[in-house]
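Asker: Submitted below is the structure of interest, expressed as structure tokens.
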Amino acid sequence: MKEAIGIGATLDDAMQAAVAQLDVPEGVEYSTEVLGTEKKLLKGMQYKVRAYYEESEFSKAEHYIKTALRLMGVEEFNVLTMEEEDGVRFALNCGGDDGYVIGRRGETLDSLQYLVRLVVSRGSDDYRRVSLNVGDYRETREQNLRDMAIANAGKAKKFGRNMAMPPMSPYDRRTVHTAVQEIEGVSSHSVGEGGERRVVIAPDEQYRKADTRKPGGGGYRDRRPGGNMQRNQRNAQGRKFPGDRDGSSRPPQQNRPPRSDTANTGAGRYGKIEPRRANEETE
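Listed below in structure tokens is the structure:
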């Protein structure tokens, strides 16, 4: 039970003061009780009123949510508390500030939900499931994650390799793991640390494809018409081709006669040009 005492010059003033101090949550019924009157020397007759209401198990959490929203600068909001068998759900309606409260990929909403869970579990050994939602964000996000999980599971079975999903919050990873459990032929696990932790969807052994690439099949590939054939012919002749990895070298060059000074020059037409000697006199 939560209560507050109000004092005023009139009975109405005392009731209003008591209710204001009580800060009654919206939709909760409260009661008032007149405790009596007091006569003070300077203020005259004063009325004293007690206001109270039965506080539910999750009233503190609801009050915490409202306080947090005010501190975040959200002016207009509505908080609806729905108790369930294993916990509680809080539905928030923040008007034009819904996106601000949700945050990027729901990070702000998840952080607020974590703090509210701490408030609910404080002083209690029993586990209570806490869900905080803004509009229909959780439902839309969950459906999108399920669609992503189904699509990546199909790719994992088709290509026979692991498919890594983007980094996610613990709440989103749990949604993906639940969706993958309903799909045959694949399994899921989480990798990474902190904000980079993500879900990896792996195919079962029957869907994994063996590596059919031939050993040494890499290297240079000539995509020109007849390029590979020309390369093979050159390799057969012992000539090295760009991209070859066998380390082959060119065959030794045959001995050729020394080139004449006048070969392929203008000496035959103009004669041989000789350097001037030092002892020659200049005409």
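Under the working numbering, the residue at position 188 of the sequence shown is numbered 179, and the numbers go up by one with no gaps.
Cβ coordinates follow ideal geometry from the N, Cα and C atoms, glycine included.
Rounding to the nearest angstrom, what Cα-Cα distance links E48 and E175 in this structure?
Answerer: 42 Å
Asker: Looking at K30: is its Cβ nearer than 8 Å to the Cβ of L13?
Answerer: no
Asker: Considering M139, what are the terminal residues of the alpha helix (DSSP H) in which it resides?
Answerer: Y128 to F150
Asker: In terms of alpha-carbon separation, which member of E67, R96 and Y118 lies closest to N135?
Answerer: Checking every option, the nearest Cα to that of N135 belongs to R96.
Asker: Check whether the Cβ atoms of L103 and L71 lie closer than 8 Å to each other.
Answerer: no
Asker: Go ahead and pull the three-state DSSP assignment for R188.
Answerer: coil
Asker: Leaving out the 5 sequence neighbours to the left and right, which residues in its chain are closer than 6 Å to V167 when beta-carbon positions are compared?
Answerer: L136, A140 and V190
Asker: Use the C-beta contact count for M36: other C-beta atoms within 10 angstroms, 16 or more gives buried, fewer gives exposed.
Answerer: Around the beta carbon of M36, a 10 Å sphere encloses fewer than 16 other beta carbons of the protein chains shown; the residue is thus reported as exposed.
Asker: Take the Cβ of D77 as the centre, count every other Cβ of all protein chains shown within 10 Å, and call the residue buried at 16 or more, exposed below.
Answerer: With fewer than 16 Cβ atoms within 10 Å of its Cβ, D77 is classed as exposed.
Asker: With a cut-off of 8 Å on the beta carbons, I'd call T1 and Y38 a contact; round off their distance for me.
Answerer: Taking C-beta atoms under 8 Å as the contact rule, T1 and Y38 qualify, at a distance of about 7 Å.
Asker: Mind checking which residues open and close the beta strand (DSSP E) that includes V177?
Answerer: V177 to V182
Asker: Between the beta-carbon of Y55 and the beta-carbon of V121, is there less than 8 Å?
Answerer: For Y55 and V121, no; Cβs fall outside 8 Å.
Asker: With DSSP run on the structure shown, which of helix, strand or coil describes Q172?
Answerer: coil
Asker: CB T28 to CB R41, shorter than 8 Å?
Answerer: Note that the C-beta distance between T28 and R41 is not below 8 Å.
Asker: Between K149 and S178, what straight-line distance do the alpha-carbon atoms span, to the nearest angstrom?
Answerer: Those two C-alpha atoms are separated by around 14 Å.
Asker: Under the three-state reduction of DSSP, which class applies to R165: helix, strand or coil?
Answerer: helix
Asker: Could you please give me the residues that DSSP links to F81 through a beta bridge?
Answerer: T72 and L123
Asker: In terms of residues, what are the limits of the beta strand (DSSP E) holding Y38?
Answerer: G35 to Y44
Asker: Can you give the Cα-Cα distance for G114 and E74, rounded to whole angstroms?
Answerer: 18 Å
Asker: Bridge partners of A193, per DSSP?
Answerer: S178
Asker: Per DSSP, what kind of secondary structure is V51 in: helix, strand or coil?
Answerer: First, the amino acid is wrong: residue 51 is Lys here, not Val. Note: K51 maps to helix in three-state DSSP.
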